[in-house]
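Numbering (the working numbering), first residue to last: 72 to 230.
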């Protein structure tokens with residue numbers, strides 16, 4: 072772990088595990104978004120995404136880069152809830168399950184990519200630039216995500 076600590080990338084095995092789960096989540100999330108919905112592959116990739124996200128969020132609760140509970144922990148909690156609110160309707164198949172599943176899971180992926188910018192900011196930018204870089208990148212990611220979600224929803228949910 073000494074070599075990784077010297078690079079200022081990971082300070083613990085928990086941080087390394089968290090990052091590995093995040094990378095897997097990003098890969099699985101992208102694959103789910105880019106592939107056909109409702110297929111066996113979609114379900115397998117979706118469950119892999121959910122598992123990676125749950126482990127990523129839970130491991131994030133054990134990382135205290137700012138000394139105590141921080142805004143990052145609050146966002147991890149929101150992310151965990153979003154993932155669960157996305158997968159539960161798909162399992163239960165309740166009324167309007169597909170819309171709930173689509174929106175919560177889509178925003179989960181967008182949130183994951185927004186969180187990526189926070190990680191990049193923390194690791195590679197001085198704090199005087201951190202907030203500007205993270206804010207602009209997150210806003211742009213959220214805007215693009217919103218446009219993609221709206222376009223896809225329009226084609227899926229014709230009223």
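Backbone N, C-alpha and C fix where the C-beta goes; we use that ideal spot for every residue, glycine too.
Judged by DSSP secondary structure, residue 128 falls within the alpha helix (DSSP H) whose first and last residues are 111-131. Residue environment analysis places residue 110 among the exposed positions, since fewer than 16 neighbouring C-beta atoms fall within 10 angstroms of its C-beta. Membership of residue 108 in any alpha helix (DSSP H) is not indicated, and neither H nor E is assigned to it by DSSP.
A straight-line Cα-Cα distance of about 19 Å links residue 210 and residue 144. A distance of 9 Å or more separates the beta carbons of residue 150 and residue 116. When the five nearest sequence neighbours on each side are left out, the beta carbons in the same chain lying within less than 6 Å of the beta carbon of residue 124 are those of 96, 154, in order along the chain. The beta carbon of residue 212 sits closer than 6 Å to the beta carbons of 184, 185 from its chain, once the five residues preceding and following it are set aside; these are given in chain order.
Annotation: residue 164 is outside any alpha helix (DSSP H) and is labelled neither H nor E by DSSP. Shown here, residue 134 sits in coil according to DSSP, grouped into three states, outside any helix or strand. For residue 104, same chain residues with a beta-carbon under 7 Å away, outside a window of 5 residues either side, are 180 in chain order. If you draw a 10 Å sphere on the C-beta of residue 107, you find fewer than 16 other C-beta atoms in it, and that means exposed.
Three or more Cβ pairs closer than 8 Å define a contact, and the segment 163-181 falls short of that threshold against the segment 195-208.
Within 10 angstroms of the beta-carbon of residue 86 lie 16 or more other beta-carbons, which makes it buried. As the crow flies, the alpha-carbon of residue 224 is around 17 Å from that of residue 161. Residue state for residue 141 is assigned as coil, using DSSP reduced to three classes.
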